[in-house]
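I have placed the structure first, in the form of structure tokens, so that the comments after it can refer back to it.
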Amino acid sequence: MIYMKIINPPKFFLSAYLVLLLYFFILSFEVNAKTVYKRQVRLGVPFATQIPDGVWVKPYSQACEESSIVMIDEYYNGKTGVLGEQETKQKMRPLFEYQNKIYGDNDNSNAYRTSDMIERVAHNFFSTVVENPQLEDIKLELMEGRPVITFHHGYSLQNKNVPFLNTSSSFHTIVLVGYDDGDKQFIVHEPGMSNGNFITYGYDIVMSSMSDYVHETGKTEGPPRALFTSPRKEEFMVSQSRAASYTIQDLIQSNSIWNIFLFFINKNIFFS
């Protein structure tokens, strides 16, 4: 029998050999196909308060939907930071005017009216009404770089800095801009506060208080609804790609051998 000794085999063949070994190793297990979630996401959505001059008078006292639209429209336009008083007012004005013309007032807008405003007035994004949104679905949207608008019984958010009465007409809209799985919290832009950027609400608070406004009764008693958003501009890109942002801890937490394998391939560990 003839033995061949290979000295310093080319790195390509060694890499291919390791890949094949991993492939057959993976086949010996049931692949866990569930989605791998990042443990923390925070999108650079610009902030705009609904009360740009700090005074709770109409139309701004009812402008949580309008300011939420402005924030996301500017996010998909590539802006960050905090919008100033005059800029916020200027960008909310066409939304007030559209509602006054079509609906006769601009007091409260449920998910469908808000989505209609986005379609007709916003420049940079679309929205889809989602009934009974699930926690994992919302997290996936955020992980993909798409902020989410949610509709709530305002008092049930339990934020003492936002002046809500415990009545059935208490209605509020917020923008979810991230989450933290470690603390079980959403990262939120709260338009009802002048400094409401990147505050947190617990998962349980957000999900349990979610309820849409019913125009026929004037009460916040509709089903849970959210607006999932997407950019109008095809060239809009999230600055950091989803896959490159995973950590090995994220993948190990998912219990997915296949995802761990893809992590190493993505990082070029075998081919570096």
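Adding 435 to a residue's 1-based position in the sequence shown gives its number in our numbering. In this text, a Cβ means the ideal position worked out from N, Cα and C, and glycines have one as well.
Residues bridged to R660 [DSSP beta-bridge criterion]: E566
Residue ranges of each beta strand (DSSP E) within the stretch 466–499, 3 or longer: 475–477
Ranges of the beta strand (DSSP E) found wholly within the stretch 520–583, counting only runs of at least 3: 560–566
Unbroken alpha helix (DSSP H) run spanning Y638, endpoints: Under the DSSP assignment, Y638 falls in the alpha helix (DSSP H) whose first and last residues are Y638 to S644.
Cβ-Cβ distance between A661 and I584 below 8 Å: Yes, these two residues count as a Cβ contact at 8 Å.
Euclidean distance between Cα positions of P487 and V641: 25 Å
Cβ-heavy atom distance, K595 to the ligand MG, below 7 Å: Looking at this structure, you won't find the ligand MG or any other ligand, since it has none at all.
Contact the stretch 522–530 vs the stretch 648–659: 3+ CB pairs below 8 Å: No: fewer than three Cβ pairs fall under 8 Å.
Expected contact under 8 Å - CB spacing of E576 and F663 to nearest Å: 5 Å
Per-residue burial, N543 [other beta carbons within 10 Å of its own, 16 or more giving buried]: That one is buried.
Span of the beta strand (DSSP E), counted from its first residue to its last, around F621: Q620 to H624
Neighbourhood of N541 by C-beta, 7 Å cutoff - its chain only, sequence neighbours within 5 removed: P494, Q497, F531, Q534 and N535
Cβ-based burial, I442 [other Cβ within 10 Å; buried from 16]: Since pLDDT at I442 reaches only 47, below the 50 mark, its modelled position is unreliable, and no value is offered.
Nearest residue (CA-CA) to V471, options G589, P529, F482 and E579: E579
Close beta carbons around P666, own chain, < 7 Å, minus the five adjacent residues each side: Hits under 7 Å: Y511, N559 and F560.
8 Å contact criterion, which L611 and V597 should meet: CB distance rounded: Incorrect: roughly 16 Å between the Cβ atoms, too far for contact.
Buried or exposed by the 16-neighbour rule on C-beta atoms within 10 Å, applied to Q574: Per the sequence presented here, residue 574 reads as Lys, with Gln not at that position. So K574 counts as buried.
D708 to D647 span [Cα, whole Å]: Any property of residue 708 remains undetermined from this structure, which presents the chain solely from 436 to 707.
Cβ separation of M628 and T484, assumed to be a contact under 8 Å, to the nearest whole Å: 7 Å
Length of the line joining the Cα atoms of S550 and S605: 20 Å
Pick from D639, L478 and E501 that is closest to V556, judged by C-alpha positions: E501
Reference H588; option with closest CA among F621, Q475 and P658: P658
Cβ-Cβ distance between F482 and N632 below 8 Å: yes
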